[in-house]
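With my numbering as the guide, the letters of the sequence shown map in order to residues 2 to 162.
Here a beta-carbon is modelled for each residue, glycine too, at the ideal position from N, C-alpha and C.
Written out below as structure tokens is the structure these notes cover.
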Amino acid sequence: MTKECVFCVIAQKRGKDIRIIYEDEEIIAFLYPTAALGHICVVPKEHVAIFMRNKEEVTRKMFEVAHKLAQTINAPLKLNSSNIIINTGVDQIFSHFSIHILPRKAGDELGLTWEPKQISEDQLNTLEEKLTGAAAPTEEEKKEAREISEDYYRKYLRRIP
Ligand SMILES: [Zn+2]
């Protein structure tokens, strides 16, 4: 029997003691105090295992919500640090794409460390070559940004007397 996805259960509000702090048609954010007080999880309502398969506008909205919640959570906890962790991929414990906000303080003993690995120069050079420029906007995206900008000027700046 396949085990049901815990985040889908939460997104469908079928679990117990769910503390939803944000919700819209596509995403949900909730307190998920499994690692620390103030641990927040932001997920798409639709089960998507892999980050790259999530709709771009849903991903953008998830990061906007995570950004606001990360700014907000530190004040009541009197903290100034956090880890933002993104879980993506089918090998995760829950294969449901998720952004986790973990408030941190010195000595909290939250074990998020790893042993440094020795990576060869050749491997790094190969990756650098493949990745350089990959995040730059495409010509189509640049054109779209120009059109939005021009549209803005046409609509709003015309009103200035
Ligand atoms: Zn799921």
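Using the Cα positions of Ile102 and Thr127, report the straight-line distance between them to the nearest angstrom. Each residue's Cα considered, the two are about 32 Å apart.
What is the chain-ordered set of residues for which the beta carbon lies under 6 Å from any non-hydrogen atom of ligand 1? Sorted by chain position, residues whose beta-carbon lies closer than 6 Å to a non-hydrogen atom of ligand 1 are Cys6, Phe8, Cys9, His48, His97.
Shortest alpha-carbon distance to Ile1 belongs to which of Ala71, Phe95, Pro77? For the chain, the structure presents residues 2 to 162; residue 1 sits outside this window and is missing.
Determine the direct distance from the alpha carbon of Leu125 to that of Leu163, and round the result to whole angstroms. Summary: the structure shown does not reach residue 163, with the chain confined to residues 2 through 162, and so no result is reported for it.
Do the CB positions of Arg78 and Leu111 come within less than 8 Å of each other? Sequence check: residue 78 is Leu here, not Arg. No.
Can you list, in chain order, the residues of its chain with a C-beta nearer than 8 Å to that of Ile51? Leave out the 5 residues immediately preceding and following it. Taken in chain order, the residues that qualify are Thr89, Gly90, Val91, Phe98.
Extract the residue ranges of the alpha helix (DSSP H) inside the region 22–67, only unbroken runs of 4 or more that lie entirely within it. Complete alpha helix (DSSP H) runs here, min 4: none at all.
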